[in-house]
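The next block holds one structure in the form of structure tokens; read it before the comments.
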Amino acid sequence: MIEKTGIPSKAQVKAEFPTPEELSRPKAVIECYKEIPCNPCETSCPFDAITVGEDINARPQIDFDACTGCGICVYSCPGLAIMVARLKNGEAEMKVPYEFTPLPEKGEIVNVVDRRGDVITEGRVLNVSKSAKQDRTALVHFAVDEKYLYDAISIEVSYGS
Amino acid sequence: MQKSEVVVVGAGPAGLTAAHELLKAGAEVTLIDRNASLGGQLIKQTHKFFGSEKQYAAHRGIDILERLTENLIPYERFHLLSETTVVGFYHDKVLTCLKDDRYFKLQADSVIFATGASEQSIPFENNDLPGVYAAGAVQTLMNEYGIKPGQRVLMVGSGNIGLIVSYQLMQAGVDVAAVLEASERIGGYLVHASKLRRLGVEIRTNMSIKSAIGEAHVEAAEAWRLDEDWQGIEGSEERYDVDTICIAVGLSPLTELLEQAGAEVEYISELGGNVPVLKDYETTIEGVYACGDLANIEEASSAMVEGRIAGIRAAQALDYTVENAEMRLKALDDELVDLRSGPPGDNVRRGLKKMEGLT
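From first to last, the protein sequence lines are chains A and B. Each residue of the first sequence is one higher than the one before, starting from 312 at the first, in our numbering. Each residue of the second sequence is one higher than the one before, starting from 1490 at the first, in our numbering.
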């Protein structure tokens, strides 16, 4: 259970995802399972798609109709708890926050990990963005087989070795 | 004797905002810190902060520090005494300071203490072996001086500090063998725990450290399971091959200077142990204030807000006019209520209730 391990259950993860139909377009998936005093996801969203509300301890709620999957909340979240997901041509494409060096290269084949940190498959890096406004939180955009939609969460750190 | 209308002791998040409010109101402020660089713990906070925009959420601690410091520079009545340690404080608001091996005295009309907290340790076999560090020391080595404490670390404590320092160790290329947590649940924010876990770092609840192993330096650590009375269970020992053990088991407010002058101190466990008795941030000595981790152990976001309130209160007591004082104090109080209203604020809310009962 997440309070003991830091790993959310599959049911908890799935409950935060939009439907596969909605995922034909990129959508933010927020994994903020416990109330903490924090609301940059809400204030950073240019489309008012995320609501925390007056009590900044409330868990964020997302309106998938309003979300465009732009990724601004992904690097604004201090807890690195948001990614953008999309289903396309049999693949799950994910945009995740990444704060390690070296950054992967576009086109590179990387190991993809699940929420335990175990390598589950290989992924293809579609893009890496690191603009000044991201404030040193890079976004790594990668694709894996769509069967890993609810499992893939990040890429394995390489430390250049 | 040297004089300064106001002295602020400690240039962390609370001290910096308190000094800013006093300077804005027109007071003369001498800010004293024992370190060469300002910011207290902020200087090593490389992660993005929680909270709301009002407390600079989503900005990194190191960058917030820059903003808070820049706020003070334009004021002519601002004096900075860095690398200066306050070693004595007396009821007539005289401070004894130590700088460059020289002692000198400073007389103030009003003093704000924002001395923060010190790290707690826990008893275990060989806990004085080189390679056993407090988490804050590891953060200083890594983030301030660019030095890795070792190659492989066992972290003891899963509060926000233990989780954040573990993540920063991984960022620096240091392996974290595991995070031990004595209680049955992770202490810090679950988002911190999850981002560590997806790096493959296991967080082990109901576990603590039994001993450090090694001759001249840590070569391994022995962990064991705890029973419901937090006693180690014989036979449950597990060995971790690490060269560093990092202790992150909590903080204790630094009340010594206030106690020396006779300010009342009370033990309130929810606020972090011995804390000064406060009413509107004023201690039981008139004109002497306390804020930040010294008043109650919390996040830096709350410390910044408390510093502002203490600064405004102190300025008013010195008969300075603070623009829109009532409105600003109300807004700052509301910020604290917001920051504390959720489950992570349960302890502080309970502790502050106890404090209200005392004054």
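Even glycine gets a Cβ: it sits at the ideal position worked out from N, Cα and C.
Exposure of residue i, with buried meaning 16 or more beta-carbon neighbours within 10 Å
i, result
"proline 1619 (chain B)", "exposed"
"tryptophan 1713 (chain B)", "buried"
"valine 1645 (chain B)", "buried"
"proline 1765 (chain B)", "buried"
"proline 415 (chain A)", "buried"
"valine 1731 (chain B)", "buried"
"asparagine 1695 (chain B)", "buried"
"glutamine 1640 (chain B)", "exposed"
"serine 1790 (chain B)", "buried"
"proline 331 (chain A)", "exposed"
"asparagine 438 (chain A)", "exposed"
"histidine 1580 (chain B)", "exposed"
"methionine 1490 (chain B)", "exposed"
"glutamine 1628 (chain B)", "buried"
"proline 1563 (chain B)", "exposed"
"glycine 1648 (chain B)", "buried"
"glutamate 1559 (chain B)", "exposed"
"valine 1826 (chain B)", "exposed"
"alanine 443 (chain A)", "exposed"
"glycine 317 (chain A)", "buried"
"glycine 1907 (chain B)", "Since the first residue of chain B shown is 1490 and the last is 1848, residue 1907 (chain B) is not available in this structure."
"isoleucine 466 (chain A)", "buried"
7 angstroms Cβ cutoff, residue i in contact with chain B
i, result
"cysteine 356 (chain A)", "no"
"alanine 326 (chain A)", "no"
"leucine 460 (chain A)", "no"
"alanine 443 (chain A)", "no"
"glutamate 314 (chain A)", "yes"
"proline 389 (chain A)", "yes"
"isoleucine 393 (chain A)", "no"
"cysteine 378 (chain A)", "no"
"valine 368 (chain A)", "Inspection of the sequence shows that residue 368 (chain A) is occupied by asparagine rather than by valine. Output row for asparagine 368 (chain A): interface = yes."
"tyrosine 409 (chain A)", "no"
"serine 472 (chain A)", "Confidence is the limiting factor: at serine 472 (chain A) the pLDDT is only 49, short of 50, which leaves the residue's position unreliable, though a coordinate-based value still follows. Not closer than 7 angstroms to any Cβ of chain B, the Cβ of serine 472 (chain A) fails to qualify, so no."
"glutamate 346 (chain A)", "yes"
"proline 413 (chain A)", "no"
"glycine 382 (chain A)", "no"
Other residues of its chain near residue i: CB distance less than 7 angstroms, five sequence neighbours each side excluded
i, result
"isoleucine 1801 (chain B)", "Glu1510, Val1811, Ala1814, Arg1817 and Leu1818"
"alanine 1626 (chain B)", "none"
"isoleucine 1551 (chain B)", "Leu1531, Ile1532, Gln1534 and Thr1535"
"phenylalanine 375 (chain A)", "Pro329, Glu333 and Lys338"
When the options are compared against residue i, the one with the closest alpha-carbon
i, options, result
"glutamate 410 (chain A)", "A:Ser469, A:Thr330 and A:Pro337", "A:Ser469"
"glutamate 419 (chain A)", "A:Asp429, A:Phe453 and A:Ala392", "A:Phe453"
"methionine 405 (chain A)", "A:Ile318, A:Asp462 and A:Pro413", "A:Asp462"
"isoleucine 1698 (chain B)", "B:Leu1715, B:Arg1549 and B:Glu1755", "B:Leu1715"
"glutamate 1726 (chain B)", "B:Leu1669, B:Phe1567, B:Lys1594 and B:Ile1786", "B:Leu1669"
"cysteine 495 (chain A)", "A:Ser335, A:Ile361 and A:Ile431", "Any property of residue 495 (chain A) remains undetermined from this structure, which presents chain A solely from 312 to 472."
"cysteine 378 (chain A)", "A:Glu353, A:Val421, A:Gly428 and A:Ala392", "A:Glu353"
"phenylalanine 1602 (chain B)", "B:Pro1833, B:Ile1774 and B:Gly1840", "B:Ile1774"
"glycine 1635 (chain B)", "B:Phe1613, B:Asn1649, B:Leu1643 and B:Leu1658", "B:Leu1658"
"tyrosine 1778 (chain B)", "B:Val1600, B:Gln1544 and B:Thr1506", "B:Val1600"
"glycine 1677 (chain B)", "B:Arg1687, B:Ala1624 and B:Ile1653", "B:Ile1653"
"glycine 1776 (chain B)", "B:Ala1784, B:Tyr1564, B:Ala1803 and B:Asn1785", "B:Ala1803"
"tyrosine 1545 (chain B)", "B:Gly1846, B:Met1844, B:Leu1828 and B:Leu1847", "B:Leu1828"
"serine 1571 (chain B)", "B:Ile1521, B:Val1497 and B:Thr1848", "B:Ile1521"
is_contact[residue i, chain A] using C-beta, thresh 7 angstroms
i, result
"arginine 1566 (chain B)", "no"
"proline 1619 (chain B)", "no"
"isoleucine 1532 (chain B)", "no"
"leucine 1825 (chain B)", "no"
"proline 1638 (chain B)", "no"
"tyrosine 1729 (chain B)", "no"
"lysine 1513 (chain B)", "no"
"tyrosine 1545 (chain B)", "no"
"glycine 1831 (chain B)", "yes"
"valine 1663 (chain B)", "no"
6 angstroms CB neighbourhood of residue i in its chain, flanking five on each side removed
i, result
"leucine 1587 (chain B)", "Thr1574 and Val1576"
"serine 472 (chain A)", "Reliability fails at serine 472 (chain A), whose pLDDT of 49 lies under 50, so the model's placement of it is uncertain and the value that follows must be treated cautiously. So the list is empty, once near-sequence residues are dropped."
"valine 324 (chain A)", "Tyr461"
"phenylalanine 1578 (chain B)", "Leu1584, Leu1746, Gln1749 and Ala1750"
"leucine 391 (chain A)", "Pro408"
Within chain E, partners of residue i - CB distance below 8 angstroms
i, result
"proline 331 (chain A)", "Looking for chain E here will not work: the only protein chains present are A and B."
Nearest-angstrom beta carbon gap, residue j and residue i [assumed within contact, 8 angstroms]
i, j, result
"isoleucine 1722 (chain B)", "lysine 315 (chain A)", "About 17 angstroms; that fails the 8 angstroms criterion."
"asparagine 350 (chain A)", "valine 363 (chain A)", "4 angstroms"
"alanine 1666 (chain B)", "tyrosine 1622 (chain B)", "Contact flag wrong, Cβ pair sits at about 14 angstroms."
"asparagine 1615 (chain B)", "serine 1700 (chain B)", "6 angstroms"
"glycine 1501 (chain B)", "glycine 1781 (chain B)", "6 angstroms"
Same chain only: Cβ atoms within 8 angstroms of residue i, ignoring 5 sequence neighbours per side
i, result
"lysine 1637 (chain B)", "Leu1630, Met1631, Ala1661, Gly1662 and Val1663"
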